[in-house]
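K.L.:
Got a structure for you, written out below as structure tokens; questions coming shortly.
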Amino acid sequence: MPDSKTPVTVLGLGMMGTALASALLRAGHPVTVWNRSAARTGPLVAQGARPADSPADAVAASPLVVVCLLANDNVADVLDALGDRISGRTLVNLTNGTPAQARELAARAAEQGASYLDGGIMAVPQMIAGPHAYVLYSGDEKAYETHRDTLAVFGGTRWTGTDPGLAALYDLSLLTGMYGMVIGVMQAYALVRTEGIGAEDFSELLVPWVTAMLAGAPEWGRAVDSGRHLTDVSSMAVNHAAFPNFLATFRDQGVSGELFAPFQAILDRAMEQGHAADGLSRIADLLKLDHQNA
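According to the working numbering, the residues represented by the sequence shown are 91 to 384, in order.
Given below as structure tokens:
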């Protein structure tokens, strides 16, 4: 097991990559950094990081290589450029991407002799190393256990499994819930603003309402897992009858309904397929592509 001062290389110094490198430096790790635009290394060098002229130079400095680039296509390009120089090292890819991309990169890293971990960062840069940040990991479990203490510098560590794609799946699923919330909040703000109601003032009502409704998520999850979509709260039929009022109000108030209109089609399909008495948890099944033409 490495000690807490394992040398670490960070490739990619956007806002998140910079936050990761800064956290490692504050924890006392020797840190080597590389970025395509070399000017970004300046603030980290001032904190004690060593700048590298190339990814190959950066990788040579450390047994643990953290990659945080804009997209996984960029990660693939870096791996291609490194060739077997990554051999014997652990590559931790914290770039946002898909499960399929993670699996492909894991296979490519293995061909080049490297251990591979994929990660999903559940935090914004300002949260890194704080009590509420955590990172999802999947892939090479031995590499994860070896470097877990070092990775814990970023926040909590959550192991999701040896399939390299699982961290990305969890990451995108969690972000899906977040984006759904943001979409709803912005739609609500757009609607109340049509009558001059301040969005910040309205948030005092919105936040506790959404929080209270989210408390039902575990029960919805049990329904989805069991396939028993019973409800004593609000049936598909009730929602199907009410939802046109939303679209009509958006239109009447001069607000686009483009974010919400697709939901009408799902409610229509629920009714057509005989799910009128089910709860909204049925939606998870209706979203599966093989259910849409059932």
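Using N, Cα and C, we set each Cβ at its ideal position, and we do this for glycine too.
1. From the DSSP output, in three-state form, read off Met-105 for me.
2. Count the other CB atoms, across all protein chains shown, that sit within 10 Å of the CB of Leu-172; report buried if there are 16 or more and exposed otherwise.
3. Beta-carbon separation of Phe-244 and Ala-113 under 9 Å?
4. Thinking C-beta only, is Ser-152 closer than 9 Å to Pro-389?
5. Looking at the secondary structure, which residues open and close the beta strand (DSSP E) in which Arg-198 lies?
6. Contact between the region 279-295 and the region 221-236 is defined here as three or more beta-carbon pairs at a separation below 8 Å; is this criterion met?
7. Three-state secondary structure (DSSP) at Val-345?
8. Select from Asp-368, Leu-377, Pro-215 the residue whose C-alpha is nearest the C-alpha of Gly-104.
9. In the region 293-329, which residue ranges form an unbroken alpha helix (DSSP H) of at least 4 residues, counting only runs that do not cross its ends?
10. Would you please state the rounded distance, in angstroms, between the beta carbons of His-319 and Asp-261? I believe it to be under 8 Å.
11. Can you check whether the CB of Ala-136 is closer than 9 Å to the CB of Thr-122?
12. Which full runs of the beta strand (DSSP E) of 3+ residues lie inside the region 140-195, going along the chain?
13. Would you give the residue range spanned by the beta strand (DSSP E) that Asp-358 belongs to?
14. Provide the residue span of the beta strand (DSSP E) that contains Met-212, from first to last.
15. Quick one: Cα of Gly-251 to Cα of Ile-356, how far?
16. Give every residue of the same chain whose Cβ lies closer than 6 Å to the Cβ of Phe-340, excluding the five residues on either side of it in the sequence, and list them in chain order.
17. Report yes if the C-beta distance between Tyr-227 and Asp-208 is below 9 Å; otherwise report no.
18. Spatial neighbours of Ala-117 within its chain, please: C-beta separation below 6 Å, excluding the five flanking residues on both sides.
19. Apart from the five residues just before and just after His-330, which ones in its own chain have a Cβ nearer than 6 Å to its Cβ?
20. Shorter than 8 Å, the distance from the beta carbon of Val-149 to the closest heavy atom of the ligand MN, or not?
21. In whole angstroms, what is the alpha-carbon distance linking Met-106 and Ala-166?
22. Take Leu-134 and list the residues in its own chain whose beta-carbon comes closer than 6 Å to its own, dropping the five residues that flank it on each side.
23. Determine the direct distance from the alpha carbon of Met-217 to that of Val-328, and round the result to whole angstroms.
24. Unbroken alpha helix (DSSP H) runs of length 4 or more, entirely within the region 248-289: which are they?
25. With a Cβ-Cβ cutoff of 9 Å, do Met-271 and Val-300 count as a contact?
P.N.:
The structure says:
1. Note: Met-105 maps to helix in three-state DSSP.
2. So Leu-172 ends up on the buried side.
3. Yes.
4. Absent from the structure is residue 389, since the part of the chain shown begins at 91 and ends at 384.
5. Counting along the chain, Arg-198 sits inside no beta strand (DSSP E); it lies in the alpha helix (DSSP H) bounded by residues 189-201.
6. With the rule of 3 Cβ pairs closer than 8 Å, the region 279-295 does not count as touching the region 221-236.
7. Coil, per DSSP.
8. If we check each option's Cα against that of Gly-104, Pro-215 comes out closest.
9. Correct list: 307-316.
10. For His-319 against Asp-261, the beta-carbon gap comes to about 27 Å, at or over 8 Å, which does not count as contact.
11. With a cutoff of 9 Å on beta-carbon distance, Thr-122 and Ala-136 are scored as not near each other.
12. Runs of beta strand (DSSP E) with 3 or more residues, each lying fully within the region 140-195, are found at 154-157, 180-183, listed in chain order.
13. For Asp-358, there is no enclosing beta strand (DSSP E); the enclosing alpha helix (DSSP H) covers residues 351-362.
14. First-last of the beta strand (DSSP E) with Met-212: 205-212.
15. Spanning the two alpha carbons is a distance of roughly 33 Å.
16. Here the set comprises Gly-347.
17. Contact: yes.
18. Excluding positions up to five away in sequence, the list reads Val-243.
19. So the qualifying residues of the chain are Leu-357, Met-361.
20. With respect to the ligand MN, the structure offers nothing, as it holds no ligand at all.
21. One C-alpha to the other measures close to 19 Å.
22. Only Ala-111, Val-123 meet the Cβ criterion.
23. Between Val-328 and Met-217, the C-alpha separation is close to 41 Å.
24. Correct list: 256-283.
25. It is a contact, given that the beta carbons lie within the stated cut-off.
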